[in-house]
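First to last, the sequence lines map onto chains A and B. When the letters of the first sequence are read in order and numbered with the numbering used here, they come out as residues 1 to 277. When the letters of the second sequence are read in order and numbered with the numbering used here, they come out as residues 278 to 555. Even glycine gets a Cβ: it sits at the ideal position worked out from N, Cα and C. Notes follow the structure.
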Amino acid sequence: MTATAINPSQIPSATRARRFAQAMKGFLISPRWLFVIIALVVWQTYAVFRNSRLIPTPVKVGATMWRILTSGIFFEQLAASMTRILIGFSLAMILGTIIGILMGSRKSYDQFFKAMVILGLALPGLIYALICVMFFGISILAPVTAILAGSYPFVVINVAEGVKSLDKDLIDMSRSYKIGRGKIVRQVILPSLLPFILAAIRNGFAIAWKICTLVEVFGAVSGVGYMIKNSFDQYAVYGIVAWALMFGGVMLLIEYGLLVPAERYLARWRPKVKQVI
Amino acid sequence: MSVAVNVSPNSTSLAASKRFAKSFKGIIFHKGWLAILMVLVIWQIISFFLGGRGLVPSPARTAATMWGVLASGEFFVQLGDSLVRLLIGFVLAMTLGMIVGVLMGSRWFWNEFFKDIVILGLSLPGLVYALLSVVIFGTKLLAPVMAILFASYPFIAVNIREGVKALDKDLLDMTQAYKIGKWKVVQQVIIPSLLPHILAAIRTGFTIAWKASVLTEVFGATSGIGYMIRFNFQMFAVRGILAWSLLFGGVMILIEYGILVPAERHFARWRPQILEEV
């Protein structure tokens with residue numbers, strides 16, 4: 001940085017690189033690895049000590065994961081599960097957004113739907129999974145309906161919260177200035193609703209993939225849940241752990257790599273929205 | 278209540294009963310009943326048109342099954358079995374979650390140390406814990422207890438961590454400066470400000486716990502609500518599944534909204550921000 005004429009594009013990139021290096025350093029030198037090492041060592045010694053078929057060593061689980069990954073079977077089953085999750089969750093988003101907007105904008109709708117939404121939040125996904133498997137068998141309707149029924153209430157509460165927090169004065173003002181409806185929706189309502197919609201996606205999605213796994217356990221011939229069930233039937237603990245960790249890993253990657261940053265980015269103008277973890 | 282200057286206990290009890298009557302009226306004439314009625318009517322119509330195969334039982338038949346299960350006392354027997362497992366598992370989860378949460382909230386090192394496993398635990402479905410503990414522990418009591426412990430402690434830890442982080446450091450410093458005994462600080466400063474978070478931890482952890490315990494009973498148990506749901510699933514009896522799960526869900530909602538939420542509101546009443554979130 002000896003040049004007297006400072007290139008404006010150079011400084012930010014340099015500081016960005018430095019910040020990135022610092023973040024990498026913070027990531028690499030962190031007690032988290034201590035936990036990973038301790039956990040693996042304890043697990044390995046316990047498994048060797050017990051010498052039971054039921055308790056696999058981490059090495060065996062790792063080998064299973066590697067085998068599943070390299071043979072391509074993981075991506076095949078992941079694709080089957082993801083298709084179901086995406087179809088079901090899109091429907092849940094549509095239904096949840098509609099009910100959420102109704103509940104957020106009118107008190108009578110709020111009272112009307114409240115009991116149903118609370119019941120929906122409280123009932124375990126297991127019930128939707130079992131009933132849908134009995135109704136629809138192994139057709140795609142089973143996971144789709146179960147995901148729809150299980151995850152729409154989580155979308156509803158977030159969207160309703162967003163609609164309730166809309167700034168009425170701002171909308172009134174834009175009306176009194178005779179700003180077109182489309183422009184109000186685009187420039188006032190959507191920006192302040194977006195963080196809530198993303199929170200709805202994040203919460204609802206977390207429920208959706210869990211219900212999908214459950215449905216696949218009880219009635220499916222493909223998908224990650226089916227593979228977990230397969231391992232369970234063979235008493236293969238290493239298979240259950242390997243599939244669950246990899247599926248959970250992919251879902252964590254989607255959540256913390258995609259949804260959380262998107263939420264943070266869209267909520268950046270609004271310091272109040274709380275970040276939980 | 279601004280008119281009464283010296284309120285006699287009599288008049289407050291009168292006001293309380295009036296308030297109770299009003300809230301009771303609010304419950305009876307609530308629009309939520311309309312939604313439930315509509316669902317029942319639609320359900321009845323669907324079951325009427327699809328009836329015959331027994332796959333879609335009418336609400337009346339489901340209610341009859343519920344009544345049968347309740348009146349024979351079978352529900353309470355199975356509920357007792359499930360609740361014993363649930364309570365043992367949940368007490369252990371509370372203990373582990375509190376320890377991890379306090380450590381994470383008070384020291385940066387422990388926060389980094391436990392963060393990954395807690396996030397992983399938050400995101401893995403209860404199904405995984407249920408299946409693993411059934412394979413490893415069979416139908417022993419240990420199976421549901423371990424599944425509940427591992428499924429619900431992360432939710433407790435996260436809430437406790439938030440509570441410890443929200444402790445008022447200035448207040449703690451002040452008590453130190455005034456040389457107030459450690460025990461008194463815990464009793465009068467730390468516990469009151471931690472209580473709402475502990476109750477929130479109980480509430481969220483408990484909902485996860487009972488769901489995990491039902492799942493474990495579905496895969497490996499010879500009694501309990503989950504076992505009855507599984508039994509009905511194998512008999513292809515939709516009305517049995519509905520009856521058992523609605524009854525159990527009802528009991529859990531009653532515990533949550535009848536005991537846990539009011540308790541949380543009561544202990545958070547001096548703290549308006551948290552009160553809004555509850």
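query: Taking Cβ positions only, does proline 402 of chain B come closer than 8 Å to chain A?
result: Interface flag for proline 402 of chain B against chain A is set, since a Cβ pair is found closer than 8 Å.
- request: Could you tell me how far apart the beta carbons of serine 429 of chain B and phenylalanine 367 of chain B are, in whole angstroms, since I believe they sit closer than 8 Å?
  value: Contact between serine 429 of chain B and phenylalanine 367 of chain B holds: CB atoms are separated by about 7 Å, below the 8 Å threshold.
field: Same chain, Cβ closer than 7 Å to leucine 190 of chain A, five either side skipped, listed in chain order
entry: Around leucine 190 of chain A: no qualifying Cβ.
- prompt: By the criterion of Cβ-Cβ separation under 8 Å, what are the contact partners of aspartate 393 of chain B in chain A?
  reply: Ordered by position in chain A, the residues that pass the 8 Å Cβ test against aspartate 393 of chain B are Arg32, Phe35, Val36.
message: With a threshold of 8 Å between beta carbons, is serine 500 of chain B in contact with chain A?
response: No, its Cβ sits nowhere closer than 8 Å to a Cβ of chain A.
field: Backbone CA spacing between glutamate 76 of chain A and tyrosine 406 of chain B [nearest angstrom]
entry: Straight-line spacing of the CA atoms in glutamate 76 of chain A and tyrosine 406 of chain B works out to 24 Å.
query: Where does proline 227 of chain B sit, in a helix, a strand or coil, going by DSSP?
result: Here chain B comprises residues numbered 278 to 555, so residue 227 of chain B is not present and cannot be evaluated.
field: Closer than 7 Å at the beta carbon, the chain B residues around threonine 213 of chain A
entry: Those within 7 Å of threonine 213 of chain A in chain B are Pro402, Leu404.
message: For the segment 95-111 of chain A, list every residue whose C-beta sits within 8 Å of some C-beta in chain B, in sequence order.
response: Correct list: Ser108, Gln111.
message: On the criterion of 16 or more Cβ atoms from any shown chain inside 10 Å, does serine 294 of chain B qualify as buried, or is it exposed?
response: Classification of serine 294 of chain B: exposed, given that the 10 Å Cβ count is below 16.
message: I'd like to know if phenylalanine 386 of chain B contacts chain A, where contact means its C-beta is closer than 8 Å to some C-beta of that chain.
response: By this cut-off, phenylalanine 386 of chain B is an interface position.
- request: Assign valine 159 of chain A to one of two classes, buried (16 or more other C-beta atoms within 10 Å of its C-beta) or exposed (fewer than that).
  value: Around the C-beta of valine 159 of chain A, 16 or more other C-beta atoms lie within 10 Å, and the residue is accordingly described as buried.
task: Below 7 Å CB to CB, which residues in the same chain sit around tyrosine 238 of chain A once its five sequence neighbours on both sides are set aside?
output: Within the same chain, tyrosine 238 of chain A has close Cβ partners Pro56, Lys60, Val61, Thr64.
- prompt: Given valine 462 of chain B, which residues of its chain have a CB within under 6 Å of its CB, disregarding the five upstream and five downstream residues?
  reply: Short of 6 Å from the beta carbon of valine 462 of chain B, and not among the five residues preceding or following it, lie these beta carbons of its own chain, in chain order: Thr452.
- request: If I'm right that valine 316 of chain B touches methionine 116 of chain A with Cβ under 8 Å, what's the distance once you round it to whole angstroms?
  value: Between methionine 116 of chain A and valine 316 of chain B the Cβ distance is about 7 Å, and since that is below 8 Å, they are a contact.
- prompt: Which residue from B:Leu476, B:Ile518, B:Phe427 puts its Cα closest to that of phenylalanine 544 of chain B?
  reply: Here the closest residue by C-alpha is B:Leu476.
Any chain B beta carbon closer than 8 Å to proline 124 of chain A: At a cut-off of 8 Å between beta carbons, proline 124 of chain A contacts chain B.
query: Does phenylalanine 300 of chain A come within less than 8 Å of chain B when only Cβ atoms are used?
result: The structure shown does not extend to residue 300 of chain A, since chain A spans only 1 to 277, so no value can be given for it.
query: In chain B, what lies closer than 8 Å to proline 240 of chain A by C-beta?
result: Sequence inspection shows isoleucine at residue 240 of chain A; the proline mentioned does not correspond to that position. Neighbours of isoleucine 240 of chain A in chain B, taken as residues at a C-beta separation under 8 Å, are given in chain order as Val405, Leu408, Leu409, Val412.
query: In chain order, what residues of the same chain lie with their CB nearer than 8 Å to the CB of glutamine 275 of chain A, ignoring the 5 residues before and after it?
result: With a pLDDT of 47 at glutamine 275 of chain A, under the threshold of 50, the predicted position of this residue should be treated as unreliable, and no value is reported.
field: Proximal residues to glycine 225 of chain A (C-beta, below 6 Å), its chain only, five neighbours per side dropped
entry: Taken in chain order, the residues that qualify are Thr213, Glu216, Val217.
- request: Enumerate in chain order the residues of its own chain whose CB-to-CB distance from isoleucine 99 of chain A is below 6 Å, with the five nearest sequence positions on each side excluded.
  value: Taken in chain order, the residues that qualify are Phe113, Val156.
message: With H, G and I counted as helix, E and B as strand and the rest as coil, what does DSSP make of valine 333 of chain B?
response: In the structure shown, valine 333 of chain B sits in coil (DSSP, three-state: anything other than H, G, I, E or B).
message: If you reduce the DSSP assignment to three classes, tell me which class tyrosine 177 of chain A lands in.
response: Correct three-state label for tyrosine 177 of chain A: coil.
- request: Pull out every residue of the segment 223-240 of chain A whose Cβ sits closer than 9 Å to any Cβ of chain B, in chain order.
  value: Listed by position, the residues of the segment 223-240 of chain A near chain B (Cβ gap below 9 Å) are Gly225, Ile228, Lys229, Ser231, Phe232, Tyr235, Ala236, Val237, Ile240.
- request: Kindly list the residues whose CB is nearer than 6 Å to the CB of phenylalanine 483 of chain B, restricted to its own chain and excluding five residues on each side of it in sequence; keep chain order.
  value: For phenylalanine 483 of chain B, where only same-chain residues beyond five positions count, there are no Cβ hits under 6 Å.
query: What is the rounded straight-line gap between the Cα of serine 383 of chain B and the Cα of leucine 449 of chain B?
result: Rounded to whole angstroms, the gap between the alpha carbons of serine 383 of chain B and leucine 449 of chain B is 13 Å.
- prompt: With C-beta atoms as the reference, is serine 596 of chain B less than 8 Å away from serine 359 of chain B?
  reply: Chain B is shown from 278 up to 555; residue 596 of chain B falls before or after that span and cannot be answered.
message: Any beta carbon from chain B within less than 8 Å of glutamate 255 of chain A's own beta carbon?
response: It does: the Cβ of glutamate 255 of chain A has a partner Cβ on chain B nearer than 8 Å.
query: Taking the alpha-carbon positions, what's the isoleucine 323 of chain B to phenylalanine 386 of chain B distance?
result: Distance between the alpha carbons of isoleucine 323 of chain B and phenylalanine 386 of chain B: 58 Å.
field: C-beta contact flag for glycine 162 of chain A and phenylalanine 196 of chain A at 8 Å
entry: Result yes, Cβ atoms of glycine 162 of chain A and phenylalanine 196 of chain A sit closer than 8 Å.
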